[in-house]
Amino acid sequence: MDRAGVPLSHVTVASYSGAPIATSSNAPQFPVMIAAVAAGLVTFIAVAAVGPAAVRLYTTTASPPSTTTTTTTTTMQSRTARHINRLPITALQALPSAQTGARVASAPYALASDAAAPRPLAVAGWAAIFGAAAGAYGMAVKRATSSTALQHHDQEEAPITPALLLDCDGTIVDTERDGHRVAFNQAFKEKGLVGVEWSVELYGELLTTGGGKERMARYFTDYNPSAWPDPTNPPAKDHPLIMDLHKLKTKLFMDIIESGSLPLRPGIQEVVDAAIAAGWQTAVCSTSNEKAVQAVVDKLLDGKIKHIFAGDMVPKKKPDPAIYNMAAQELSLDPNHCVVVEDSRIGLLAARAAGMACIVTKSTYTGGEDFTEAQLVVDDMGSTGLDKVEALIA
1 MDRAGVPLSH
11 VTVASYSGAP
21 IATSSNAPQF
31 PVMIAAVAAG
41 LVTFIAVAAV
51 GPAAVRLYTT
61 TASPPSTTTT
71 TTTTTMQSRT
81 ARHINRLPIT
91 ALQALPSAQT
101 GARVASAPYA
111 LASDAAAPRP
121 LAVAGWAAIF
131 GAAAGAYGMA
141 VKRATSSTAL
151 QHHDQEEAPI
161 TPALLLDCDG
171 TIVDTERDGH
181 RVAFNQAFKE
191 KGLVGVEWSV
201 ELYGELLTTG
211 GGKERMARYF
221 TDYNPSAWPD
231 PTNPPAKDHP
241 LIMDLHKLKT
251 KLFMDIIESG
261 SLPLRPGIQE
271 VVDAAIAAGW
281 QTAVCSTSNE
291 KAVQAVVDKL
301 LDGKIKHIFA
311 GDMVPKKKPD
321 PAIYNMAAQE
331 LSLDPNHCVV
341 VEDSRIGLLA
351 ARAAGMACIV
361 TKSTYTGGED
371 FTEAQLVVDD
381 MGSTGLDKVE
391 ALIA
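Position one of the sequence shown corresponds to residue 1 (full-length UniProt numbering), numbered consecutively onward.
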């Protein structure tokens, strides 16, 4: 208690809480607080370590003499005074008065005893310790808050990188009719499946199903079940025969791509080059086999597009948006700043479901499909420069 009857701990807390501290929910407050409290504790321990010794010396001098001679007492007082005078000012101020020395002497720490209150300077001393710690904490938090605010400001002001995401088959190159379809038919023939051949018209219908393995499973289920050679196990995309057929078909398709017989569609090379030059992210997002897509990018686009999302990377194929969601997540893209180039309705629906703008470039099989949800529909990308693409996300 101080002399007014108020507990000393209350005085200390009031001194600490009385200095408002500017904080921010984004500031690293916990580490800074630990550092500030640690600094305060070091000061506290230093004072606490010296304080008891000083109190004992002081109170020994204040204790009533018994059989000690006047000379001895005078000598002790002189020595004690010299020791006390060497104490830090804060510890010296915290000492109790000489009149209460006898009561204080029995307690290990003067401020924790039931002795009469220390001098008013003692309260000021302890308040100064914790006030200094609070001030240090406040300044540290202020500096951290300012630094964090500047970082957030920089992040908010940083421009968002736009992205150009392209489908492969029918978009980059018109592979469906003269590429994939031909490779499928060759694979059926090499595996000995008699009477299995996909015409141009039939393949157009099958294209409404995304994914080559899924396409074959649908064909053997809905169009030609009698041609399926395994009556005990229905056709499914993970059936061993379907898997083998698709692997062979991919190899045959890559041979077609390597031959150079399938050129890029008009405008694709130009828009990709312009996007890369402008600092855009570029990627191919296709439901086709990854190796086949990589072959197209390497052979026809000179490997300029570095990111490929294809095949079985996602559990669901287009029109599910999984392939575009994966691209956005892996490349840290904002869907609102992505433009997708597709050639089919299922691709359009996948892009729109991912929250991205979509340009449809009609291909051999997709010219008659409904593209109502598209931001732009063109015959090819030859007349669509990067300025028109960028306008869709401006």
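Positions of the beta carbon are idealized from the N, C-alpha and C atoms, including for glycine.
Asked                                                                                                                                            : Found
If I measure Cβ to Cβ from E214 and keep anything under 6 Å in the same chain, skipping five residues before and after, which residues do I get? : K237
Would you list the one or two residues that DSSP bridges to T282?                                                                                : L164
Taking G179 and I346 to be in contact with their CB atoms under 8 Å, please state how far apart those CB atoms are, rounded to whole angstroms.  : With 8 Å as the limit, G179 and I346 do not qualify as a contact, their Cβ atoms being about 18 Å apart.
Which of helix, strand or coil does DSSP assign to E373?                                                                                         : coil
Among E205, D169, L245 and I160, whose alpha-carbon lies nearest the alpha-carbon of K189?                                                       : L245
Pick helix, strand or coil for I359, following the three-state DSSP scheme.                                                                      : strand
In whole angstroms, give me the CA-to-CA distance for T175 and P231.                                                                             : 33 Å
Which of the three DSSP states is assigned to residue 449 in this structure?                                                                     : Only positions 1 to 394 of the chain appear in the structure, and residue 449 is not among them; the question remains open.
Quick one: measure Cβ to Cβ for Y365 and L165, integer angstroms, because I've assumed they're closer than 8 Å.                                  : Wrong, their Cβ atoms sit about 21 Å apart, outside the cutoff.
Please name the residue or residues paired with E201 in a DSSP beta bridge.                                                                      : Paired residue(s): none; E201 is not in a bridge.
Is it buried or exposed, Y223, if we count other Cβ atoms within 10 angstroms and call 16 or more buried?                                        : exposed
Hey, quick one: how far does the beta strand (DSSP E) through E342 stretch, first residue to last?                                               : C338 to E342
If you drop the 5 nearest sequence neighbours on each side, which residues of the same chain put their C-beta closer than 7 Å to that of Q375?   : A357, C358, I359 and L392
Should the region 197-209 be called in touch with the region 272-284, which here means at least 3 C-beta pairs below 8 Å?                        : no
Hey, out of Q294, L301, C285 and V297, whose CA is closest to V339's CA?                                                                         : C285
In the DSSP output, which residue or residues are listed as bridge partners for D244?                                                            : According to DSSP, which records beta bridges pairwise, D244 is partnered with nothing at all.
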